[in-house]
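Chains as they are written, first to last, in my numbering: chain A, 1 to 304; chain B, 1001 to 1304; chain C, 2001 to 2250; chain D, 3001 to 3250. Glycine residues also receive a C-beta, built at the ideal position from the N, C-alpha and C atoms. Report on the structure given below.
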Amino acid sequence: MINTSIELPGLSLKNPIMPASGCFGFGREYSQFYDLGKLGAVMMKAATENMRLGNPTPRVTETESGMLNAIGLQNPGVHTIIEEEVPFLAQYDTCIIANIAGSTKEEYERVAYAFNDVKTVHALELNISCPNVTAGGVQFGTDHNIAAQVTMAVKKVSNKPVYVKLSPNVSNIVEMAKAVEAAGADGLSLINTLTGMQIHLPSKTPVLANKTGGLSGPAIKPVAIRMVYEVYEHVSIPIIGMGGVSTATDVLEFLLAGASAVAVGTANFQNPYVCPEIIDALPTVLKENGFRSVEDAIGKGHGI
Amino acid sequence: MINTSIELPGLSLKNPIMPASGCFGFGREYSQFYDLGKLGAVMMKAATENMRLGNPTPRVTETESGMLNAIGLQNPGVHTIIEEEVPFLAQYDTCIIANIAGSTKEEYERVAYAFNDVKTVHALELNISCPNVTAGGVQFGTDHNIAAQVTMAVKKVSNKPVYVKLSPNVSNIVEMAKAVEAAGADGLSLINTLTGMQIHLPSKTPVLANKTGGLSGPAIKPVAIRMVYEVYEHVSIPIIGMGGVSTATDVLEFLLAGASAVAVGTANFQNPYVCPEIIDALPTVLKENGFRSVEDAIGKGHGI
Amino acid sequence: MRKEPLRIQQKHQIAKDTIEMVLQNNRVSKCAKPGQFIHLSVNGHTLRRPISIADVNKQAGTVTLLFKVVGKGTSALANLHVDEVIDGIGPIGNGFPIDRMQDSTVLLIGGGIGVPPLYYLGKELSKQGCQITAVLGFQSLNYVFYEEQFRQLGETVIVTEDGSYGLKGLVTAALPDKKQVDVFCTCGPVPMLKAVTSNLQGVPGYISMEERMGCGVGACFACIVPSNNEIGYKKICKDGPVFAVGEVIL
Amino acid sequence: MRKEPLRIQQKHQIAKDTIEMVLQNNRVSKCAKPGQFIHLSVNGHTLRRPISIADVNKQAGTVTLLFKVVGKGTSALANLHVDEVIDGIGPIGNGFPIDRMQDSTVLLIGGGIGVPPLYYLGKELSKQGCQITAVLGFQSLNYVFYEEQFRQLGETVIVTEDGSYGLKGLVTAALPDKKQVDVFCTCGPVPMLKAVTSNLQGVPGYISMEERMGCGVGACFACIVPSNNEIGYKKICKDGPVFAVGEVIL
Ligand SMILES: Cc1cc2nc3c(=O)[nH]c(=O)nc-3n(C[C@H](O)[C@H](O)[C@H](O)COP(=O)(O)OP(=O)(O)OC[C@H]3O[C@@H](n4cnc5c(N)ncnc54)[C@H](O)[C@@H]3O)c2cc1C
Ligand SMILES: Cc1cc2nc3c(=O)[nH]c(=O)nc-3n(C[C@H](O)[C@H](O)[C@H](O)COP(=O)(O)OP(=O)(O)OC[C@H]3O[C@@H](n4cnc5c(N)ncnc54)[C@H](O)[C@@H]3O)c2cc1C
Ligand SMILES: Cc1cc2nc3c(=O)[nH]c(=O)nc-3n(C[C@H](O)[C@H](O)[C@H](O)COP(=O)(O)O)c2cc1C
Ligand SMILES: Cc1cc2nc3c(=O)[nH]c(=O)nc-3n(C[C@H](O)[C@H](O)[C@H](O)COP(=O)(O)O)c2cc1C
Ligand code: FES
Ligand code: FES
């Protein structure tokens, strides 16, 4: 028997697979396809203090082996999420990770604080890296001092473990990771989307109404693997890896690079069953590659 | 008749298409496939002061809609290039752009200086962005002060127009572009490769001997388009765009984003005839989209 | 909702760049309602393509899709062969509320690739005793399809932009008098939807909308349309693609 | 050098995971030399796959490739059907210098997917009056291929790693006495090449090498092997894949 369970701060995962934030809503839709209790965890769509309507449409477009999105953090606001969405997800035997975002440090604090009394939320994912919001987002995610300050502020008000989600759009990912680790982060999420653009030839304007969007999908996997690998060598907090995962072998690649768990984003759109399929395939892939457990594989791409 | 010619500092291009540095050697091999005189220009493989042997193998691997390479600037050294390679290329009716690299500012200066007397080389491309060399490369390419210093130093010793090739692995591409423009760059090349990694499951180590490599190909095109678009709005020097180009419509997308000419890299490996095929298709694509010339299309993705 | 294998039973080109595909899948054919769509996977493509259900044969266990080849995805679909299997999620969305239209006089207004869902709708409405009038707009003669099929449902007016067939102009030029219409149903590009709803102001109507989609099931917030409801928006894939006039802000 | 369309004339599985493909292209068949390879395009893949020419029929205008399905590219190739066309660049590279081996006793040593180029080589050497001995190593019985074909060229020893067929062990265990060999030609994984050349030290020999390739034509510097020459390296795709022993540093 291959042991796929893994213990991370705040998260007792039965397996290391979770849908990535923003690619799974609050789980309702995918619960039509399968029992969400199968998942290691669910990363909810970003929560901000108040309801946000997000960017104008078009908000998504396809690229080679990937896609661009500029949703703009649309969400019903943290209080509605806590009242209406968390209870739905909490019916399932899975961990819940709340992705939190804001335009100011204070907004991050208030959103984080709002989850304190929500026992069914196991951890926070601090989204300082959304490329699609003008205030906040990018600046927080690309300046290591500001990233550290937000992390520290959230840690102070929150009673949950905090995973900081880093932006890949930086010169030095290790510096960012070390800064938020020093600021008290319990874990890291790597990576958010790369900022990209596509121009629509017939209209001669960017396809996305927001002009730029976040590039996700298999196209970015090599960048994600590189960042997880580099960061793993410089931090001691666990990493949730993501970026282009669509198979159990992709998951193993992330584990070898140093991730302790793996999120699946864009691939849900292509195949709504991708998470349970990966969960079913993972033990065999681990076994074929000589591992007895998920734990066993973590960081094994770094040699001895 | 669609006019595909374009005038850039030092370069009278009959068309805006040129093979990208490192993907075409010094032209000899591809001259077996077609007349290099068809090309707008050729960007030669990087030249360093002395011969370099580069990284151990494996040096390339395939990724989804892309590839990783870690050649490590292997080249015969600037003097051999000038004596043996430039004269070969100079037989053809095309512009020659010399890509120059180094580990120190002084090496860049000496390599640039060496081309001063080579009349057949029309411009320099200053490669401050190669992710695959440990000394130099990355630091030069990700710190805007150092990038500006190298640019200034090279401009001082060189009598050729200098196009600075920027790395996409930065938090703020516009800041980099403005810094090198202020330092005297005559043009920009955007983008070099994104740093990535792939892990080989059977051996549980990175596929590339150098561990990390540069991601190129269609996968990165959205990042390249975004950077060209952003930089175009903030500089007044011309941009040579590149990253994932494999069709004439890709070329038009780069022109709309703000590129004045376009380089084709990885696509040469898949289709050795890709450059002449694009050159043949470009007039029709321009016409179908309502342009009478290449000039006409530049920057037209920015609205009026 | 499930992912379903749809076997291509027939494939025909029925107009310029326009493909008719009859797909075999019992479950989908049994539960498909007019106005719903299927989110089709295309090999080598990250995102699925939403295509409306244009007809259903419950006995044969088939659904018919009509689509125009406009880009890489639709041209890859058009190149598939009979007996190949397409992976589709569906039927998705809320269709036209046909129960509310029993025995009424219904005007169908379709533009280009907005025409397909109206055919299945028209057939079902006919069965319910509705009287159907259809106004269908196309770019030009080459693009006209399903004229005969619509004629069998009721009076049908064809409009082409260049006047190469039927009336010249836009569908709005050919709309009947409001008073003769109990309810209208329309599908097409947003400018057409706007023009139609303003022309038929006061008449109850339903519009079917399009937007670029990610998930196609309501999870990703890609296909939002502004609404006057308390949350300020609707999801086209989940709440639509059919909305009552006034439910969303065009 | 050109990009050539190669039409699949025959396709057979000849051993576990091992495909034999006969491809029609007059020009390639006319000029292919033993040891050269073809750089094959695979739909949906950025990089081409290098595969050796395993046999040639100049009359029929065909070349035969033998390849093992090891990853995505080779499995996509294996799934192609008769009459489909593969786009290949080639023949590429410098093959075995058969002119220099006339009338000699030649030992062929192949390991796994290193066996294919040796077959065409053996056939051409036979024609030139050479006496052939072949030592071919495979993982196990299931993987053995072309035994009969090689037997027709000369004495052939099969070695399997697990002893499930022929001799058990590595090819080096089955090499004949140096004195009986004028020249050897070998192709296989680098550890095998090393072992073989050290075992046959003093005997003139040629080795065919593999490396991950980008361009396949000498432009990208991906497929470098260190050499003692003045520039310090050779390109496998352009200068090789066949090198004289000592020409490159293994
Ligand atoms: C609910 C719904 C029902 C539809 N029904 C039909 C139908 O019955 N027949 C038909 O011909 N077309 C229909 N369409 C439009 C059809 O989905 C697009 O024409 C198709 O997705 C274009 O794909 P492509 O790859 O060929 O084009 P590309 O332009 O290459 O596509 C690029 C991306 O944009 C998306 N996209 C492009 N145009 C549209 C569009 N108009 N709507 C949504 N996404 C788009 C594609 O899905 C893809 O993700 C419908 C769209 C929606 C939303
Ligand atoms: C000159 C030469 C001749 C060859 N002749 C044969 C032959 O006749 N029969 C045969 O079965 N194989 C041969 N090979 C090996 C063959 O090229 C690889 O097995 C094949 O490229 C693997 O592709 P894949 O997509 O199935 O594997 P993947 O592992 O998915 O490939 C990933 C990438 O690595 C490259 N790669 C992986 N393994 C090798 C390898 N051993 N050599 C070079 N590139 C590799 C692939 O080309 C691709 O770019 C030869 C290789 C070379 C260099
Ligand atoms: C449509 C879409 C919406 C997203 N929304 C969020 C979000 O709200 N918060 C967040 O932290 N990341 C968001 N992301 C980023 C993903 O969580 C993930 O980090 C990224 O897509 C890379 O993974 P993938 O390649 O598997 O999609 C979103 C991604 C997509 C495609
Ligand atoms: C194999 C390889 C070698 C390269 N060598 C160089 C180089 O020597 N100098 C340089 O400036 N860029 C080099 N590049 C980067 C390309 O010139 C180009 O910027 C990049 O590959 C993006 O374009 P593409 O997606 O069309 O390949 C190299 C790229 C590849 C794939
Ligand atoms: S497409 Fe994802 S919510 Fe509609
Ligand atoms: S593969 Fe490019 S030089 Fe050999």
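Looking only at its own chain, which residues have a Cβ that is under 8 Å from the Cβ of residue i, when we skip the five neighbours before and after it?
i, result
"Y1113 of chain B", "V1157, S1158"
"K1287 of chain B", "I1002"
"L188 of chain A", "Y163, V164, K165, L166, A177, V180, E181, V231, V235, I237, P238, I239, I240"
"G1258 of chain B", "V1228, Y1229, V1231, Y1232, E1233, I1239, G1241, I1298, G1299, G1301, H1302"
Tell me the DSSP secondary structure of residue i in three-state form.
i, result
"F3037 of chain D", "strand"
"G3073 of chain D", "helix"
"N1003 of chain B", "strand"
"G137 of chain A", "At G137 of chain A, the pLDDT of 48 sits below 50, so the modelled position is not reliable; the number obtained from the coordinates is stated separately. Helix at G137 of chain A."
"A3015 of chain D", "strand"
"A20 of chain A", "coil"
"Q270 of chain A", "helix"
"Q2149 of chain C", "helix"
"F3243 of chain D", "strand"
"M227 of chain A", "helix"
"G301 of chain A", "helix"
"N55 of chain A", "coil"
With respect to the alpha helix (DSSP H) encompassing residue i, which residues constitute its N-terminal and C-terminal limits?
i, result
"E1062 of chain B", "Taken as a continuous stretch (DSSP letters only), E1062 of chain B belongs to no alpha helix (DSSP H), being part of the beta strand (DSSP E) at 1060 to 1063."
"E2124 of chain C", "2116 to 2127"
"D1035 of chain B", "Unbroken run through D1035 of chain B: none, as it is neither H nor E."
"S3198 of chain D", "3190 to 3199"
"V207 of chain A", "Taken as a continuous stretch (DSSP letters only), V207 of chain A belongs to no alpha helix (DSSP H), as it is neither H nor E."
"R110 of chain A", "105 to 114"
"V162 of chain A", "Premise fails: V162 of chain A lies in the beta strand (DSSP E), 162 to 165, not in any alpha helix (DSSP H)."
"T1151 of chain B", "1144 to 1157"
Ends of the beta strand (DSSP E) at residue i?
i, result
"N99 of chain A", "95 to 100"
"R2027 of chain C", "Taken as a continuous stretch (DSSP letters only), R2027 of chain C belongs to no beta strand (DSSP E), being part of the alpha helix (DSSP H) at 2026 to 2031."
"C2187 of chain C", "2183 to 2187"
"N3057 of chain D", "3055 to 3057"
"F2067 of chain C", "2062 to 2068"
How about residue i: is its Cβ closer than 8 Å to a heavy atom in ligand 3?
i, result
"C2223 of chain C", "no"
Ligand 1 heavy atoms versus the CB of residue i: any closer than 8 Å?
i, result
"H2045 of chain C", "yes"
"V274 of chain A", "no"
"L2066 of chain C", "yes"
"M3101 of chain D", "no"
Identify, in the order they occur along the chain, each residue of the same chain with its Cβ nearer than 7 Å to the Cβ of residue i, setting aside the five sequence neighbours on each side.
i, result
"P1283 of chain B", "I1002, T1004"
"G2095 of chain C", "K2033, P2034, G2035, Q2036, V2242"
Would you say the beta carbon of residue i is closer than 8 Å to some non-hydrogen atom of ligand 5?
i, result
"G37 of chain A", "no"
"I2231 of chain C", "no"
"K1178 of chain B", "no"
Which residues in the same chain have their Cβ closer than 6 Å to the Cβ of residue i, if we skip the five residues on either side of it in sequence?
i, result
"S2041 of chain C", "R2048, D2087"
Does at least one heavy atom of ligand 6 sit under 8 Å from the Cβ of residue i?
i, result
"V3217 of chain D", "yes"
Taking contact to mean 3 or more Cβ pairs, one atom from each stretch, closer than 8 Å, check whether the stretch 210 to 230 of chain A and the stretch 2003 to 2014 of chain C are in contact.
Result no; under three Cβ-Cβ pairs closer than 8 Å.
So, do the stretch 3107 to 3122 of chain D and the stretch 3056 to 3069 of chain D have three or more beta carbon pairs nearer to each other than 8 Å?
yes
Is the stretch 1145 to 1164 of chain B touching the stretch 1199 to 1216 of chain B in the sense that three or more CB pairs, one from each, lie closer than 8 Å?
Counting C-beta pairs closer than 8 Å gives fewer than three between the stretch 1199 to 1216 of chain B and the stretch 1145 to 1164 of chain B, which falls short of the contact rule.
Would you check if there are 3 or more beta carbon pairs closer than 8 Å linking the stretch 3209 to 3227 of chain D to the stretch 3238 to 3245 of chain D?
yes
Are at least three pairs of beta-carbons, each pair with one atom in the stretch 25 to 37 of chain A and one in the stretch 2187 to 2196 of chain C, less than 8 Å apart?
no
Is there contact between the stretch 99 to 116 of chain A and the stretch 47 to 54 of chain A, where contact requires at least three CB pairs shorter than 8 Å?
yes
Any contact between the stretch 3181 to 3188 of chain D and the stretch 3200 to 3210 of chain D? By contact I mean 3 or more CB pairs, one from each, below 8 Å.
yes
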